[in-house]
Amino acid sequence: MSLSLKPGFSFGGVLQKLYPEENLTRQEIILENSDEYWMAQALSKSMENGCAANPNPSVGCVVVLNNKIISSGCTERWGGKHAERVAFESLKVGDLEGTTVYVTLEPCTHVGKQPPCVELFRNRGISKVVIGSEDPNPIVSGNGIQQLKEMGIECKVGVLKTEVQAWLSPFFIQQRNHRPLIALKWAQSLDGCFADDHDGWQWISGIHSRKYTHWLRQKYDAILIGVGTLLNDFPSLDVREIQNQYKRDPLKIIYDPFGKIFQCTEQEQAILTEKTFKLGTKQIILIGTQVLLDEKEKNNKWFQFLKNNENFILQKINDNSENKMTNIIVESLKCKEIDEFLGRPLQSILIEGGPRLLSLFLQEKNYDVLHVFIAPFFLGGEKNKLFSKKQRALIPYIFRDVSKVERMKIVVQERLGNDILLEMVQEN
Ligand code: AOF
Ligand code: ZN
Numbered sequence: 001m002s003l004s005l006k007p008g009f010s011f012g013g014v015l016q017k018l019y020p021e022e023n024l025t026r027q028e029i030i031l032e033n034s035d036e037y038w039m040a041q042a043l044s045k046s047m048e049n050g051c052a053a054n055p056n057p058s059v060g061c062v063v064v065l066n067n068k069i070i071s072s073g074c075t076e077r078w079g080g081k082h083a084e085r086v087a088f089e090s091l092k093v094g095d096l097e098g099t100t101v102y103v104t105l106e107p108c109t110h111v112g113k114q115p116p117c118v119e120l121f122r123n124r125g126i127s128k129v130v131i132g133s134e135d136p137n138p139i140v141s142g143n144g145i146q147q148l149k150e151m152g153i154e155c156k157v158g159v160l161k162t163e164v165q166a167w168l169s170p171f172f173i174q175q176r177n178h179r180p181l182i183a184l185k186w187a188q189s190l191d192g193c194f195a196d197d198h199d200g201w202q203w204i205s206g207i208h209s210r211k212y213t214h215w216l217r218q219k220y221d222a223i224l225i226g227v228g229t230l231l232n233d234f235p236s237l238d239v240r241e242i243q244n245q246y247k248r249d250p251l252k253i254i255y256d257p258f259g260k261i262f263q264c265t266e267q268e269q270a271i272l273t274e275k276t277f278k279l280g281t282k283q284i285i286l287i288g289t290q291v292l293l294d295e296k297e298k299n300n301k302w303f304q305f306l307k308n309n310e311n312f313i314l315q316k317i318n319d320n321s322e323n324k325m326t327n328i329i330v331e332s333l334k335c336k337e338i339d340e341f342l343g344r345p346l347q348s349i350l351i352e353g354g355p356r357l358l359s360l361f362l363q364e365k366n367y368d369v370l371h372v373f374i375a376p377f378f379l380g381g382e383k384n385k386l387f388s389k390k391q392r393a394l395i396p397y398i399f400r401d402v403s404k405v406e407r408m409k410i411v412v413q414e415r416l417g418n419d420i421l422l423e424m425v426q427e428n
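Residue 299 in my numbering sits at position 299 of the sequence shown, with consecutive numbering throughout.
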């Protein structure tokens, strides 16, 4: 992603859509009734079903006549209708005459689970089609635009392209790089603490940031945390604070290379069962091969419970010392069992910590996006920081020299309530 997003947009989409009760003024830089203005409405619309369309991209479409939206649509749950079909189906013959259609992604041209959207545009008298981004899917890419032009329809391509691609980044990474997108997320005080040193657990960031986090949890397919965070915080890792008809909880993945989870006390088991491991949400626990094969685990009731429960997968880590640790983790997740478990390929992973796991992904430069919330106070702690002494004892860490650091690229900087949200990518 080479450019910064316009104010009011983020990797989570249009911020005003997430905070309708707030009067966010930053987006007003976009002129009313301009192509960008209507494309922003289409992008907002594309957020309506959360990310229930995954692994399909969540696309938005608005039909504009005389500066009014006469119809709109958002991609339905995977296998369901595409955005254009939803937008057009409520219109009668002739209603599209003289309209401008804004669609965040180029209309498709192939027969997949749905017929080609581009055919919906034929002979309807549409004046102009404005497209956010080309579709990176090679069976569509460029063909939709070409076919619209061949139908004699004026096309404008690339309006809010960076903003659309940020919202659809898991789909773009999967199509172009054939791997899941990796996003790291944390909240910190001004002095970089993730929590205070009393080992209690409380939110660092305010309610706006929390809402954004919940939105990200449903945007991404899976959340990965370390077993340390699991047994310290007992996080629920589900999606609250967000309401939409297709609200979905992500897959929960616990990184536990030494099988620490099998050693937890009955009291800890009870809290886990009630909170993080609530029935109905799927979980994967990544553990080292040696633990899975370990004789002594055979008589461990808790181990047997997790192993025989259909909501869990105990996934082996592909031990391969040649590879970076974080690549080994991600590679272990790219497997048939997990695709079958999910019912689709894993398209994105949100890594929520703690500081040790995040330090490891940062150290190995294994990420596509960073979501960082900064709260305006300091804690003065030592323990819960990136690359703290505690983490450095466990991960290979090379001290950096300021003259040699690679600065990340800030793509988004927004104020969320009393916090600052920074979204960054690697500069390349
Ligand atoms: C559109 N509008 O709303 C979306 C599109 O298997 P299918 O039929 O659902 O097609 C999936 C592909 O269609 C997907 O990989 C992407 O290229 C495109 N998605 N296209 O015209 C939409 N979601
Ligand atoms: Zn389509």
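A virtual CB, placed ideally from N, CA and C, is assigned to each residue, including glycine.
Task: Distance CB(Thr-281)-CB(Asp-238) smaller than 8 Å - done: Yes, Cβ-Cβ distance for Thr-281 and Asp-238 is below 8 Å.
- [ ] Could you give the DSSP three-state label for Ala-375: helix, strand or coil?
- [x] The three-state reading of DSSP puts Ala-375 in strand, counting E and B together.
Task: Heavy atoms of the ligand ZN versus C-beta positions, residues under 5 Å - done: Selection around the ligand ZN by beta-carbon proximity, strictly under 5 Å to any non-hydrogen atom, yields His-82, Cys-108 and Cys-117 in chain order.
TODO: Determine, using beta-carbon pairs with one atom in the segment 39-53 and one in the segment 106-123, whether at least three such pairs fall under 8 Å.
DONE: With a cut-off of 8 Å, the segment 106-123 and the segment 39-53 do not count as touching, because too few Cβ pairs lie within range.
Open item on the list: Here's the rule I'm using: 16 or more other beta-carbon atoms within 10 Å means buried, otherwise exposed. How should Phe-172 be labelled?
Closed with: Answer is buried; the Cβ neighbour count reaches 16.
Task: Status (buried if at least 16 other CB within 10 Å, exposed otherwise) for Thr-229 - done: When all chains shown are included, Thr-229 counts as buried.
Open item on the list: Which residues does DSSP list as the beta-bridge partners of Ser-359?
Closed with: Answer by DSSP bridge pairing: none, since Ser-359 is not bridged.
TODO: For the segment 197-206 and the segment 373-382, state whether three or more C-beta atom pairs, one from each stretch, are separated by less than 8 Å.
DONE: For the pair of segments examined, the segment 197-206 was found to touch the segment 373-382: the number of CB pairs separated by less than 8 Å reaches three.
Task: Spatial neighbours of Asp-256 in its chain, beta-carbon cut-off 7 Å, leaving aside the 5 residues before and after - done: The answer, listed in chain order, is Val-227, Ile-285, Leu-286 and Ile-287.
Open item on the list: Between the alpha carbons of Ala-183 and Lys-211, how many angstroms are there, rounded?
Closed with: Roughly 17 Å between the two C-alpha positions.
- [ ] Give a single yes or no on whether Ala-87 has its beta carbon closer than 7 Å to a heavy atom of the ligand AOF.
- [x] No, since every heavy atom of the ligand AOF falls outside the 7 Å radius drawn around the Cβ of Ala-87.
Task: Sufficient close CB pairs (3 or more, under 8 Å) joining the segment 212-220 to the segment 332-346 - done: The segment 212-220 vs the segment 332-346: no contact.
TODO: With DSSP as the reference, please indicate the residues paired to Arg-400 in a beta bridge.
DONE: None, per the DSSP bridge assignment.
Open item on the list: Within the continuous beta strand (DSSP E) that includes Ala-166, where are the two ends?
Closed with: Note, Ala-166: premise wrong, no beta strand (DSSP E); alpha helix (DSSP H) at 161-167.
TODO: Please determine, among Val-164, Leu-160 and Ile-126, the residue with the shortest C-alpha to C-alpha distance to Gly-152.
DONE: The candidate whose alpha carbon is nearest that of Gly-152 is Ile-126.
TODO: Put Trp-186 into one of helix, strand or coil per three-state DSSP.
DONE: The answer is strand: DSSP assigns Trp-186 an E or B state.
Open item on the list: I want to check one thing, is the minimum distance from the CB of Gly-112 to the heavy atoms of the ligand AOF below 7 Å?
Closed with: Yes, Cβ of Gly-112 sits closer than 7 Å to a heavy atom of the ligand AOF.
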